[in-house]
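Quick note, the sequences are listed as chains A and B, same order. Quick note: numbering that gives the first Met the number 0 has the first sequence finishing at residue 578, numbered continuously throughout. Quick note: numbering that gives the first Met the number 0 has the second sequence finishing at residue 421, numbered continuously throughout. Yeah, the Cβ is synthetic: ideal placement off N, Cα and C, and Gly gets one too. I have placed the structure first, in the form of structure tokens, so that the comments after it can refer back to it.
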Amino acid sequence: MQKAGIIAVLIGFGVFLTLPFITRHTLNEQLVAKEFGQEETSTLVSRELEPWFGKPLSSWKLISEIDKTIGNVNAEIVKRYALTSTDIDHLVELAKSQKLDEKHIEGLWGAFNFKTQSFMSYGSWLIGRSFNSDEELRNNIEQVANNITQYEVIPKKGIDTYVAKTLKYTLAKHSITGFVAANPFLLLFLTFGLSALGGLLMLTTFTKEPAGIKNNGIYFHPAKSRKWLGIIIGTLLIAFYIILYFYPQYMTGWIRMVDPISYLLSGNEAGQFFLYGLMYTVSVLVMGARMMAKYRHNRYQLVRTGSVMFFQTLFAFLIPEILVRLNQPYFDFKNAWPLNYDFFFDFNLNRLIASGNLGLFMLVWGIALSFIGVPLLTYFYGKRWYCSWVCGCGGLAETVGDPFRQLSDKSLRAWKIERVSIYSVLVFAVVMTIGVLYTYFTGSGELLGINTYSMRQVYGAFIGAGFAGVVGTGFYPFMGNRVWCRFGCPLAAYMGIVQRFKSRFRITTNGGQCISCGNCSTYCEMGIDVRSYAQRGENIVRASCVGCGVCAAVCPRGVLKLENVPVNTRVNTTNFVKR
Amino acid sequence: MHIVIIGNGIAGITTARHVRKLSDHQITVISSESEYFFSRTALMYIYMGHMKFEHTQPYENWFWKKNRIDLVFDRVTELDTDAKTLQLKTGKSINYDKLVLALGSVPRPLPTPGANLKGVQPLYSKQDLEQLEETTKGVKQAVVIGGGLIGIELAEMLHSRGIHVTMAVREKSYWDIVLPKEEAEMISKHIKARGIDLRLDTLVGSIHGAEKVDAVTLNTGETLACQFVGATIGVMPNIKFVEDSPIETNRGILVDEHLQTNIEDVFAIGDCAEIRTPDPGRRPIEAVWYTGRIMGETLAETLCGTPTPYRPGIWYNSAKFMDLEYQTYGQVPTTYEEDLDSLYWEDIVAERCLRIVYEKATKKVKGFNALGLRLRHELCDEWIAREQSLAYVLEHLEQLDFDPEFYTNYLSKAKANLEAIA
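Written out as structure tokens, the structure reads:
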């Protein structure tokens with residue numbers, strides 16, 4: 000059974016990894032015309048790509064041809080609209096003899112010419128000025144000419160990098176033909192189907208053994224102890240996240256495969272994040288089943304795992320898609336700011352305000368969840384109510400990440416880095432949100448000299464995508480399954496402060512029963528040195544504890560228990576010596 | 000003042016840590032087993048792949064220097080209590096003002112013929128574990144001799160590597176010299192159900208093999224093929240080192256209530272110590288983790304100027320037999336004839352049991368035994384110390400529950416059942 004499972008998983012992942020290489024794209028004129036809105040660029044692009052029309056191309060060939068085309072088209076556009084060296088020479092000659100005025104410029108290119116207009120927007124400060132030397136004059140004019148090319152010609156007449164990125168993706172996604180386009184269901188079965196089935200068969204390795212702690216051989220395992228398989232898995236995960244966030248144009252084959260499911264749920268075609276959401280949910284479900292099989296003697300683990308599976312499937316995946324089908328805003332009701340860092344972004348606020356009563360409810364719900372629900376529930380139950388019962392990141396960590404929980408660093412040094420790192424992200428998230436809201440209400444794009452747009456861009460790229468995605472999940476096999484939750488998540492930081500200073504939650508140490516074996520610390524995914532408290536007979540009250548309960552499960556002496564108790568009895572000291 | 004501690008186990012290290020907490024005395028800890036303190040109880044988890052050796056070290060390596068506890072990785076060869084000096088194997092000598100002997104135990108040697116064959120070994124030290132890794136390579140069948148805590152640990156370790164294990168246990172039921180019949184039977188059943196071939200009432204008559212062990216013969220006459228024999232028939236205080244010194248010994252190093260030996264400024268704690276006059280309900284030698292720790296903490300007080308008698312309080316202990324957890328508090332004798340009696344509840348299918356021991360005449364509660372249930376240490380301790388009545392304990396039994404959240408409340412089942420009996 001287990002062997003069959005491994006084979007199925009290998010085939011499933013094998014087909015999945017092969018898919019981008021067998022995806023074929025076929026271009027035609029209508030498609031290009033549709034994706035390139037502007038007629039001029041569209042014609043140029045069509046001219047460049049024409050030799051490839053009707054011919055099946057690989058994703059790589061296609062993207063490289065589009066890249067080449069965009070370069071050529073932009074060059075042509077620059078030739079047509081940018082200031083030429085002759086234009087610059089003329090301007091220099093003119094300005095040498097007399098100060099420049101608007102008439103000269105119009106005289107050069109005509110009043111309504113694109114060049115005249117762009118020169119007036121970027122070079123008007125040259126009008127009426129005199130220069131110390133010809134060299135200075137030429138330098139200034141060349142500078143203006145460069146600005147015109149960069150900020151006026153390419154974005155308005157050509158294809159700038161932002162548009163290029165979107166175009167590459169949409170053109171690749173919509174031009175898929177051949178086997179991948181014709182057999183989405185077969186591919187779904189071969190990838191998702193076989194992997195999920197294999198995963199379920201593999202968990203029989205737990206069910207055939209009697210119930211109890213199942214950590215035998217973890218440190219001999221090639222994946223679970225930073226050995227060769229762990230390195231391969233980590234590398235693949237990191238590569239996947241980099242493609243997902245930064246190069247989605249190369250994963251259109253995968254996305255095409257899940258189109259039918261997306262049409263079924265939301266009525267729209269799938270995007271990269273629909274694919275990601277589906278993979279995420281299926282992974283949480285299959286590995287959640289594994290977690291349940293592994294801890295089937297432990298009802299806390301069963302309930303908790305069931306909970307993260309439920310919230311991921313329903314709240315994070317299905318409900319938002321169904322909302323879209325009902326023409327309502329896409330909304331994850333369990334996602335709380337500041338983890339949900341774009342909640343207060345203008346587009347989100349506008350979108351919710353514009354969506355009638357349900358939109359307003361979502362707005363109020365989101366605010367209430369973050370500022371009332373989160374602190375209140377954390378007071379009563381500790382941050383575990385979110386981190387290891389509800390959260391999507393936590394859900395992935397507790398299911399897919401469970402085989403790697405022992406790899407977190409327990410050193411004091413790591414704890415110091417953790418505190419600096421996670422609270423820095425929290426401060427960043429709060430400052431960014433204040434900036435974004437300031438801009439929203441005042442219309443001013445700057446707060447204390449910082450551009451609020453670049454602030455949110457930096458946050459999105461480095462924290463949202465880089466930290467939470469690439470590092471957060473990609474580093475499972477290297478640094479354990481809670482890298483993001485421990486070092487980066489601003490919501491975890493926020494709840495951590497509540498948990499540390501005003502909460503009923505603690506892990507109780509059972510008198511003097513600790514034998515310092517170290518199972519609790521080893522299997523703490525948050526890198527808490529649980530033993531250092533337990534062996535002193537001290538209860539554990541730590542900001543970072545997500546209350547997964549695994550320390551209590553693996554303890555061979557029944558020393559640890561997660562409890563909600565009156566706040567003032569939480570911190571204790573036990574004297575082993577009776578005086 | 001220079002305090003020298005021989006032995007870096009839980010007793011020695013606890014002394015060192017607490018002396019540092021209480022004073023600025025110079026502290027030296029000498030060990031020939033390991034450079035840094037590790038948890039002996041966790042050795043089994045390294046073999047089973049749950050942990051690496053580094054995980055068994057409760058303190059990071061920088062801890063010792065930062066707390067000015069000098070660690071010496073060497074072996075003491077000679078002890079001169081008059082000159083107060085120690086000779087080390089590397090030739091160095093160390094002077095002390097106070098000496099703490101925390102020498103631990105040694106495995107009881109197997110008297111069986113053939114015990115010196117390759118592939119026959121005990122399990123106690125870090126070195127034993129390293130040797131075990133070597134001797135069990137390629138082993139298909141193993142025999143573990145002895146029905147104690149280390150025996151079952153070794154059996155579980157070998158079992159985790161797919162080795163077929165036969166346990167030869169002298170007693171009629173597993174560990175029934177410590178456990179009442181019902182508990183012993185529940186554990187025996189559990190061990191068997193996990194796939195260990197548990198042979199009760201069985202002795203190994205001889206071990207065979209040319210150079211390496213290849214079989215054992217049981218007292219039943221049966222011969223079992225095996226490539227490994229675990230010699231786990233118990234441990235005894237490690238006193239060889241002081242036998243030629245004026246330090247007085249019996250089975251262990253004899254100490255008074257301040258843990259001092261007959262020689263002034265020489266103390267003994269942990270497994271190697273034998274208390275001359277133990278408190279009621281306690282034994283002279285208690286080779287368990289917890290007493291080592293309490294002794295260490297107590298001795299630190301004395302060494303730092305507050306003479307403190309060793310008062311371990313109410314006995315407690317715990318263990319885990321494969322997947323079955325065990326906790327015990329207070330007095331739980333194996334048989335009940337004279338002044339004590341007990342109430343016993345069990346759920347055979349769920350593998351849970353609870354025993355409450357009380358005084359027949361007064362109905363005062365004296366002890367608890369639990370298998371598969373986690374009890375609250377502080378409450379057990381308090382109830383026994385306060386001599387709560389059986390009726391009180393039964394009424395409040397659910398308060399003892401220390402199982403994880405959402406677990407079936409077996410204590411309420413036990414309560415209903417026991418109230419009916421009582």
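Min CB distance residue i to chain A below 9 Å
i, result
"Ala192 of chain B", "yes"
"Phe266 of chain B", "no"
"Met166 of chain B", "no"
"Tyr315 of chain B", "yes"
"Thr135 of chain B", "no"
"Gly146 of chain B", "no"
"Thr407 of chain B", "yes"
"Arg375 of chain B", "yes"
"Lys319 of chain B", "yes"
"Gln326 of chain B", "yes"
"Glu404 of chain B", "yes"
"Asp346 of chain B", "no"
"Trp382 of chain B", "no"
"Trp288 of chain B", "yes"
Close-in-space but distant-in-sequence residues of the same chain around residue i (CB under 8 Å, 5 per side omitted)
i, result
"Lys117 of chain B", "Thr134, Gly208, Glu210, Lys211 and Val212"
"Met291 of chain A", "Gln300, Leu301, Thr304 and Gly305"
"Arg128 of chain A", "Lys98 and Leu99"
"Pro55 of chain A", "Arg23, His24, Thr25, Thr176 and Gly177"
Straight-line Cα distance separating residue j from residue i
i, j, result
"Asp431 of chain B", "Lys188 of chain B", "The requested residue 431 of chain B is not part of the displayed model; chain B covers only 0 to 421."
"Arg107 of chain B", "Val234 of chain B", "5 Å"
"Met525 of chain A", "Cys544 of chain A", "7 Å"
"Ile5 of chain B", "Asp528 of chain A", "28 Å"
"Arg503 of chain A", "Ile496 of chain A", "13 Å"
"Thr234 of chain A", "Met43 of chain B", "33 Å"
"Glu397 of chain A", "Thr297 of chain B", "42 Å"
"Gly487 of chain A", "Ser420 of chain A", "6 Å"
"Asp402 of chain B", "Gly557 of chain A", "8 Å"
"Asn7 of chain B", "Lys97 of chain B", "16 Å"
"Arg404 of chain A", "Ala192 of chain B", "30 Å"
Short CB-CB distance (under 9 Å) between residue i and chain B
i, result
"Gly587 of chain A", "Here chain A comprises residues numbered 0 to 578, so residue 587 of chain A is not present and cannot be evaluated."
"Arg569 of chain A", "no"
"Phe219 of chain A", "yes"
"Gly381 of chain A", "no"
"Arg556 of chain A", "yes"
"Ser515 of chain A", "yes"
"Val389 of chain A", "no"
"Leu61 of chain A", "no"
Residue i CB to nearest heavy atom of the ligand SAM below 8 Å
i, result
"Leu18 of chain A", "Ligands are entirely absent from the displayed structure, and the ligand SAM is therefore not among its contents."
7 Å CB neighbourhood of residue i in its chain, flanking five on each side removed
i, result
"Leu322 of chain A", "Pro328, Tyr329 and Phe330"
"Glu473 of chain B", "The structure shown does not extend to residue 473 of chain B, since chain B spans only 0 to 421, so no value can be given for it."
"Val482 of chain A", "Val470, Gly471 and Phe474"
"Pro319 of chain A", "Tyr329, Phe330 and Asp331"
Cut-off 6 Å between Cβ atoms - residues of its own chain near residue i, not counting five sequence neighbours on either side
i, result
"Ser92 of chain B", "Thr84 and Gln86"
"Leu93 of chain A", "His103"
"Leu150 of chain B", "It should be pointed out that residue 150 of chain B corresponds to Gly in this sequence rather than to Leu. Counting only Cβ-Cβ distances below 6 Å, and skipping sequence neighbours, we find Val143 and Thr231."
"Gly381 of chain A", "Gln498, Ser502, Phe504 and Gly546"
Q: Kindly provide the ranges of any alpha helix (DSSP H) runs that are 4 or more residues long and lie completely inside the region 180–233 of chain A, ordered along the chain.
A: 183–187, 193–201 and 203–206
Q.
Residues of the region 276–303 of chain A in Cβ contact with chain B at a cutoff of 7 Å, in chain order, please.
A. Here the close residues are Asn297, Arg298, Tyr299 and Val302.
(Q) Runs of 3 residues minimum, wholly inside the region 449–533 of chain A: which ones carry the beta strand (DSSP E) assignment? (A) Entirely contained in the region 449–533 of chain A, the beta strand (DSSP E) runs reaching 3 residues are, in chain order, 504–508.
Q: Give, in chain order, every unbroken run of the alpha helix (DSSP H) that is at least 4 residues long and sits entirely within the region 152–194 of chain B.
A: Listed in chain order, they are 180–192.
Q. If you measure beta-carbon to beta-carbon, which residues of the region 38–62 of chain B are closer than 7 Å to chain A?
A. Ser38, Thr40, Ala41, Tyr44, Met47, Gly48, His49, Met50, Lys51, His54, Thr55, Pro57 and Glu59
Q) Any residues in the region 522–550 of chain A with a beta carbon nearer than 8 Å to a beta carbon of chain B? Which ones, in chain order? A) Arg530, Ser531, Gln534 and Gly548
Q | Contiguous alpha helix (DSSP H) assignments of at least 4 residues, all confined to the region 2–89 of chain A | A | Fully enclosed alpha helix (DSSP H) runs of 4 or longer: 28–34, 38–48 and 58–80.
Q: Give, in chain order, every residue of the region 402–428 of chain A whose Cβ lies closer than 7 Å to some Cβ of chain B.
A: Ser410 and Leu411
Q) Along the region 154–178 of chain B, what residues have a CB closer than 7 Å to any CB found in chain A? A) Listed by position, the residues of the region 154–178 of chain B near chain A (Cβ gap below 7 Å) are Ser159.
Q. At which residue ranges does the region 6–68 of chain B contain complete beta strand (DSSP E) runs of 3 or more residues, listed in the order of the chain?
A. If you keep only unbroken beta strand (DSSP E) runs of at least 3 residues inside the region 6–68 of chain B, you get 25–30.
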